[in-house]
Each structure stands twice: as C-alpha cells, then as structure tokens.
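Undergrad: Shown below is the structure under consideration.
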Amino acid sequence: MSTPGRPECEFRSAQHGGCLMSAVLDADARYLRYPSALIDRLALPDGRRVVVRPVLGDDALATQDFVRGLSLDSRRNRFHIALKELPPATLRQLTDVDHVGHVAIVAETLADDKHEAAIVAEARYVREGGDTHFAIAVADAWQGMGLGRALMQRLLRYAARHGVVRLVADIADGNTAMLRLALSFGGRVAASSPHGPGVTRVVLHLAPPAATRQPASPSARVPRVCLNPPSRRQR
Ligand SMILES: CC(C)(COP(=O)(O)OP(=O)(O)OC[C@H]1O[C@@H](n2cnc3c(N)ncnc32)[C@H](O)[C@@H]1OP(=O)(O)O)[C@@H](O)C(=O)NCCC(=O)NCCS
C-alpha cells in the first residue's frame with residue numbers, strides 16, 4: 023500500500039517487507055545526524071584509555087557483552103530489574119538510536135594485538151512523554167575512576183546545547199554512587215517518584231548554552247552545564 027504524499031517505492035526488501043529506498047534514506051539521515059561532536063578520547067588516572075563516541079547500530083553485540091559483564095548490583099541499579107542480559111528489543115532500542123530524541127554515548131577500550139575493543143561505559147538521554155530521562159552505567163572494573171562523571175559531563179553539555187532544559191534520573195534506593203553523582207551536577211531530589219517507593223527521582227536543570235545569552239566574551243561562547251540549583255539561578 024502506498025503512503026499518501028509519498029512516491030511509490032520501486033525497491034522492496036523481501037526480508038523486511040519494506041521499501042529499501044526509504045531504509046537507505048533513513049540510514050543516510052541518521053548518518054547525517056550522528057553527533058560527532060561527542061567523539062573524544064579519555065585517559066583515566068591509572069593510565070587506561072578509552073574512546074568516547076555516540077553509539078552505533080552495530081554496537082548491539084558489544085552492548086550485550088557490556089551488560090552481561092556488569093555485576094548483579096550494577097545491572098539492577100542500571101535497569102531496576104534483575105536481568106542477566108538485555109532482551110533483543112531492548113538491545114535494539116539502546117543501540118538503534120536517532121541521535122535527536124535519544125542520544126547515547128559509549129566509552130570503548132582501544133583494540134590491540136591481544137584484545138578486541140570493548141564497551142566499558144554508556145550514558146544516554148531519551149526524550150519521552152514530556153520528560154528527558156538520563157541513565158548511565160560503568161563496568162565495575164572501571165568504576166570510581168572518574169569515567170561516569172566524564173560521560174555525564176559530556177552528555178549534559180550536549181543536551182543543554184540541543185535544547186534540553188530539564189533531565190530526570192530515576193535512581194534505585196541505596197545507589198549512593200549515582201545519587202551523589204547526580205547531586206554533584208546540581209540535581210535535586212524530587213518530592214515524589216512516579217515509580218513509587220524504592221526509586222528516587224533526581225531532577226537536573228540545565229542552563230542554555232552561554233553563547234545564546236552572552237555572545238560578548240569568548241568564554242561565553244563555550245556551552246556549559248549549570249551547576250547551580252534553579253532556586254539560586256532565579257535570585
Ligand atoms: C553510578 C556510576 C555510573 C558512577 O560512575 P563512576 O565512573 O564509578 O563514577 P566516578 O568515578 O566518575 O565518580 C563520580 C562521583 O560519583 C560518586 N561516587 C562514585 N562512586 C561512589 C561510591 N562508591 N560511593 C559513593 N559515591 C560514589 C562520587 O560523588 C563521585 O564523585 P567524586 O569522585 O568527585 O567524589 C557507576 O557506579 C555505575 O555504573 N553504577 C552501576 C549502574 C548505575 O547505578 N547506574 C545509574 C542508573 S541511573
């Protein structure tokens with residue numbers, strides 16, 4: 023069946039039952055939206071190095087390996103349920119992102135003669151239902167080295183630059199590390215959580231990029247994430 027307003031497609035894929043041409047155009051659009059500004063290299067205090075980059079569609083296997091490798095506690099803190107690995111649909115959702123409503127970055131080790139590259143952390147925000155949700159996870163052996171903070175910093179800066187003014191993180195009770203991390207970025211504990219007891223919602227307000235407010239000084243052109251709680255900013 024043709025879609026009103028769209029030319030009839032001449033290229034159909036038997037496997038996907040869809041139009042190959044529109045699949046190619048979708049892939050092109052995604053490629054053009056790929057937020058390469060998020061690509062970076064990081065060196066941890068112990069000398070380990072990672073590449074930070076937006077997630078790709080073909081990161082599914084590496085993402086599954088990453089999730090399987092997390093400790094039970096880390097998996098529960100990240101996904102709020104005790105899963106061993108991600109169901110295929112969730113895996114696809116986490117890796118097949120549009121880079122607009124859903125922006126995700128991973129930290130990946132560098133491949134060498136002995137080791138393949140591996141994902142050791144991921145962070146993302148997803149705009150849904152009027153809220154923008156933030157989530158992050160760092161492989162256990164990489165925790166406590168500043169990687170979580172570095173990813174969060176980059177993602178929040180990117181979010182602010184792209185019009186996100188408010189983010190929420192739903193944090194399982196007892197997850198002190200994430201709570202502290204979120205509060206250290208100016209997050210505030212919400213009065214109630216839509217998920218009920220056992221989960222704390224932290225709300226982060228982001229300042230718009232400084233360039234749009236104060237174009238005068240060179241430093242004002244650098245977008246930054248506001249670290250002040252909104253109550254202070256309103257004064
Ligand atoms: C929460 C998490 C992402 C933090 O990442 P990380 O790389 O270990 O954190 P960092 O080393 O960057 O530390 C950042 C801050 O987190 C807090 N923090 C980290 N580890 C902590 C710990 N064991 N206890 C208390 N606070 C801790 C501190 O405030 C720290 O800042 P500081 O070093 O300036 O004091 C990581 O612990 C993790 O992946 N946990 C499992 C998954 C999860 O809980 N995800 C959150 C879902 S919303």
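Plus 22 on top of the position in the sequence shown (first one is 1) and you've got this note's numbering.
C-beta: ideal position from N, C-alpha, C; glycine also.
Need the endpoints of the alpha helix (DSSP H) that D95 sits in, please.
TA: Position 73 of the sequence shown holds residue 95. Taken as a continuous stretch (DSSP letters only), the alpha helix (DSSP H) holding D95 covers 94-101.
Undergrad: Hey, is the stretch 220-230 in contact with the stretch 177-184, meaning 3+ C-beta pairs nearer than 8 Å?
TA: yes
Undergrad: Over what stretch of residues does the alpha helix (DSSP H) that includes D62 continue unbroken?
TA: Mapped onto the sequence shown, residue 62 falls at position 40. Unbroken run through D62 is the beta strand (DSSP E), 62-65; no alpha helix (DSSP H).
Undergrad: Using the Cα positions of R98 and A59, report the straight-line distance between them to the nearest angstrom.
TA: The residue given as residue 98 occupies position 76 in the sequence shown. The residue given as residue 59 occupies position 37 in the sequence shown. Their Cα atoms are separated by approximately 31 Å.
Undergrad: Per DSSP, what kind of secondary structure is L228 in: helix, strand or coil?
TA: Taking the sequence shown and counting its residues from 1, one reaches residue 228 at position 206. If DSSP states are grouped into helix, strand and coil, L228 belongs with coil.
Undergrad: Enumerate in chain order the residues of its own chain whose CB-to-CB distance from Y56 is below 7 Å, with the five nearest sequence positions on each side excluded.
TA: The residue given as residue 56 occupies position 34 in the sequence shown. Taken in chain order, the residues that qualify are P76, H121.
Undergrad: Report the CB separation of F207 from A161 in whole angstroms; it is logged as a contact under 8 Å.
TA: On the sequence shown, position 185 is the one that residue 207 refers to. On the sequence shown, position 139 is the one that residue 161 refers to. So it is not a contact: roughly 21 Å between Cβ atoms.
Undergrad: Which residues, in chain order, sit with a beta-carbon under 6 Å away from any heavy atom of ligand 1?
TA: S96, N99, R100, A157, I158, A159, V160, Q165, G166, M167, G168, L169, G170, R171, A191, I193, N197, T198, A199, M200, R202, L203, S206
Undergrad: R70 and A159: beta carbons closer than 8 Å?
TA: Within the sequence shown, numbered from 1, the residue matching residue 70 stands at position 48. Within the sequence shown, numbered from 1, the residue matching residue 159 stands at position 137. Against a cut-off of 8 Å, the Cβ pair of A159 and R70 comes out as no contact.
Undergrad: Along the alpha helix (DSSP H) that carries V89, what are the first and last residues, could you check?
TA: In the sequence shown, residue 89 corresponds to position 67, counting from 1. From DSSP, the alpha helix (DSSP H) with V89 extends over 82-91.
Undergrad: By a C-beta neighbour count over all protein chains shown, 10 Å radius and 16 as the cutoff for buried, is I61 buried or exposed?
TA: By one-based count along the sequence shown, residue 61 stands at place 39. Counting Cβ neighbours within 10 Å, I61 comes out exposed, since fewer than 16 surround it.
Undergrad: If you count every other CB in all the chains shown that lies within 10 Å of the CB of G218, and 16 or more means buried, which is it?
TA: Within the sequence shown, residue 218 is the residue found at index 196, counting from 1. Under this definition G218 is an exposed residue.
Undergrad: Could you give the residue range of the beta strand (DSSP E) that holds L178?
TA: The residue labelled residue 178 in the question sits at position 156 within the sequence shown. Run containing L178: none in the beta strand (DSSP E); it sits in the alpha helix (DSSP H), 169-183.
Undergrad: Assuming A199 is part of the alpha helix (DSSP H), what are its boundary residues?
TA: Within the sequence shown, numbered from 1, the residue matching residue 199 stands at position 177. 198-206 is the extent of the alpha helix (DSSP H) around A199.
Undergrad: Between which two residues does the beta strand (DSSP E) harbouring L189 extend?
TA: If you number the sequence shown from 1, residue 189 lands on position 167. Start and end: 188-194.
Undergrad: Run through DSSP, which three-state label would Y53 get?
TA: In the sequence shown, the residue the question calls residue 53 occupies position 31. In this structure, Y53 counts as helix in the three-state DSSP scheme.
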